[in-house]
Amino acid sequence: MLSEPECRVLSRAFDVMMTDFDPKDAVVFLECSGLLSEDQAEKIEAKGTRLERLRELLRIYRRQASDCESLISYFEYAAQEHIAETLRTELEHAMDGPESREAVARLPRHVRMHKLLAGSVPRVWKHVKRERLQTAVADVLRERADLDSFFVVLHGIAGCGKSSLAATVFAEVPDLLGGCFESVIWLRDSSTDPKRARHLFADLLLMLSDAVTSDTAKIESSSSVYLCKQIQEALIDRPNLIVVLDDVVQEETVKLANQFGTQSAVNAAFSVSSGNAALLTMLKKMADGRAVR
Numbered sequence: 001m002l003s004e005p006e007c008r009v010l011s012r013a014f015d016v017m018m019t020d021f022d023p024k025d026a027v028v029f030l031e032c033s034g035l036l037s038e039d040q041a042e043k044i045e046a047k048g049t050r051l052e053r054l055r056e057l058l059r060i061y062r063r064q065a066s067d068c069e070s071l072i073s074y075f076e077y078a079a080q081e082h083i084a085e086t087l088r089t090e091l092e093h094a095m096d097g098p099e100s101r102e103a104v105a106r107l108p109r110h111v112r113m114h115k116l117l118a119g120s121v122p123r124v125w126k127h128v129k130r131e132r133l134q135t136a137v138a139d140v141l142r143e144r145a146d147l148d149s150f151f152v153v154l155h156g157i158a159g160c161g162k163s164s165l166a167a168t169v170f171a172e173v174p175d176l177l178g179g180c181f182e183s184v185i186w187l188r189d190s191s192t193d194p195k196r197a198r199h200l201f202a203d204l205l206l207m208l209s210d211a212v213t214s215d216t217a218k219i220e221s222s223s224s225v226y227l228c229k230q231i232q233e234a235l236i237d238r239p240n241l242i243v244v245l246d247d248v249v250q251e252e253t254v255k256l257a258n259q260f261g262t263q264s265a266v267n268a269a270f271s272v273s274s275g276n277a278a279l280l281t282m283l284k285k286m287a288d289g290r291a292v293r
């Protein structure tokens, strides 16, 4: 399976590949390289559109390959040097760590807005401008963006503006989305019923899943064990995702979030907004140094 930085590289190069590449052309090459089985090759070729074929190829490649070299070799073989060079450049940035982020072009505002809307991040229309707090939160997120998993907790009394602060950070700090994190998903908890925590993470799985292939009825009735396994699987295709859990008030939500964060194969970062001090103390103990308040 590819490492998390390599999964991120494929996500960044997706638009370039979508413009000039049809996976049908690479199936035989990758099959001969031993990366695709006959069944997997047929599954890719059976997809009706180039977009579906590319998504299926990358889904399989992330799980089968140990690095990006086979894909780069294909593009060199097919005289598509511009795609091979894009992959090489992104790999260099990914492997160089945090200091290379400045070299990555910032996303245009409309692309960032699309990511915010796709992740259900609420818009903040009227709020108190808290630049020092906003900068502090952004700095903490940047420092931890390359960790396998972590928690950042915004704690304060009810109504003090934790949610608006978190939403404003993602909306107004231009390098967080696209630079530090590939995408964001915002989930609101607010429940005091432990049984409802499972439904919150069922919603997370639905947001991570393909709308065409996901079985909504099965997801909503599934156990926590099944959800955990499926979320870990889905995160492979959503590298360096940050999940915001808003208005967390019960232990069960934190326990499940910690379980996903510690067992995921790729980044599963959680930002938590809560007014429950005892809950946050428990989180810090459970997270074993991965949490910052």
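Read in order, the letters of the sequence shown correspond to residues 1 to 293 in the UniProt record's numbering. C-beta: ideal position from N, C-alpha, C; glycine also. In this text, all values refer to a predicted model and were calculated from it rather than measured experimentally.
What does DSSP give as the partner residue(s) for residue i in the beta ladder?
i, result
"ILE231", "Bridge partners of ILE231: none, in fact."
"LEU177", "PHE181"
So which of the options has the shortest CA-CA distance to residue i?
i, options, result
"CYS32", "GLU4, TYR74, ILE242 and ASP67", "TYR74"
"LEU35", "ARG62, LYS195 and GLU172", "ARG62"
"ALA65", "LYS255, ASP246 and ILE236", "ILE236"
"GLU4", "VAL173, ASP247 and GLU233", "GLU233"
"SER25", "LEU10, ARG8, ALA13 and ARG53", "Reading off the sequence shown, one finds Asp at residue 25, where the question assumed Ser. The residue with the shortest Cα to Cα distance from ASP25 is ARG53."
"CYS180", "HIS93, ASP39, VAL27 and GLU56", "HIS93"
"ASP247", "CYS228, ARG59, SER223 and THR192", "THR192"
"VAL121", "THR89, LEU187 and GLY156", "LEU187"
"ARG112", "ARG198, ILE185 and SER190", "ILE185"
"GLU56", "MET95, GLN80, LEU10 and GLY159", "LEU10"
"ALA158", "LEU91, VAL249, ARG238 and SER223", "VAL249"
"TYR226", "VAL243, ARG238 and LEU205", "LEU205"
"VAL137", "VAL173, ARG109 and SER223", "VAL173"
"ALA148", "GLU251, LYS195 and ILE242", "What sits at residue 148 in the sequence shown is Asp, not Ala. It is ILE242."
"TYR77", "LYS43, SER37, PHE29 and ARG132", "PHE29"
"ARG59", "LEU91, LEU2, GLY119 and VAL152", "LEU2"
"LEU91", "GLU81, ILE72, ALA79 and GLN80", "ILE72"
"ARG238", "LYS255, GLY119 and VAL140", "GLY119"
If you drop the 5 nearest sequence neighbours on each side, which residues of the same chain put their C-beta closer than 6 Å to that of residue i?
i, result
"GLY178", "LEU107"
"GLU6", "CYS68"
"SER70", "SER33 and LEU35"
"ASN240", "ARG8, PHE181, GLU182 and ASN267"
"LYS195", "none"
"GLU81", "none"
Quick one: grab the DSSP three-state call for residue i.
i, result
"ASP39", "helix"
"ARG63", "helix"
"ARG106", "coil"
"ASP15", "helix"
"PRO122", "coil"
"ILE157", "coil"
"CYS7", "helix"
"HIS199", "helix"
"THR49", "coil"
"ILE44", "helix"
"ALA145", "coil"
"PRO23", "helix"
"residue 327", "The structure shown does not extend to residue 327, since the chain is modelled only from 1 to 293, so the question has no answer here."
"ARG130", "coil"
"LEU2", "coil"
"THR168", "helix"
"SER264", "Residue placement at SER264 is flagged as unreliable, the pLDDT there being 39, under the threshold of 50; a coordinate-derived value is accordingly withheld."
"ASP237", "coil"
"THR89", "helix"
"SER221", "coil"
"ASP189", "coil"
"ALA79", "coil"
"CYS68", "coil"
"SER209", "coil"
Take residue i and list the residues in its own chain whose beta-carbon comes closer than 7 Å to its own, dropping the five residues that flank it on each side.
i, result
"ARG130", "LEU165"
"HIS127", "GLY161, SER164 and THR168"
"GLU45", "LYS24 and VAL27"
"LEU200", "LEU187, ASP189 and THR253"
"GLN259", "CYS228"
"MET95", "PRO5"
"LYS115", "LEU177, SER183 and VAL184"
Taking all protein chains shown into account, do 16 or more other C-beta atoms lie within 10 angstroms of the C-beta of residue i, making it buried, or fewer, making it exposed?
i, result
"VAL41", "According to the sequence as given, residue 41 is Ala; it is not Val. With 16 or more Cβ atoms within 10 Å of its Cβ, ALA41 is classed as buried."
"GLY48", "exposed"
"LEU51", "exposed"
"MET207", "buried"
"THR86", "buried"
"PRO220", "The sequence as given places Glu at residue 220; Pro does not occur at that position. It is exposed - the Cβ of GLU220 has fewer than 16 other Cβ atoms within 10 Å."
"LEU117", "exposed"
"GLY156", "exposed"
"ARG198", "buried"
"SER209", "buried"
"ARG109", "exposed"
"ARG132", "exposed"
Go through its chain and collect everything with a Cβ distance to residue i's Cβ below 8 Å, but skip five positions before and after it.
i, result
"VAL124", "SER164, ALA167, THR168 and ALA171"
"ILE83", "ALA13, VAL16, MET17, ASP20, PHE21 and PHE75"
"ASP203", "LEU187"
"GLN134", "LEU165, THR168, VAL169, GLU172 and VAL173"
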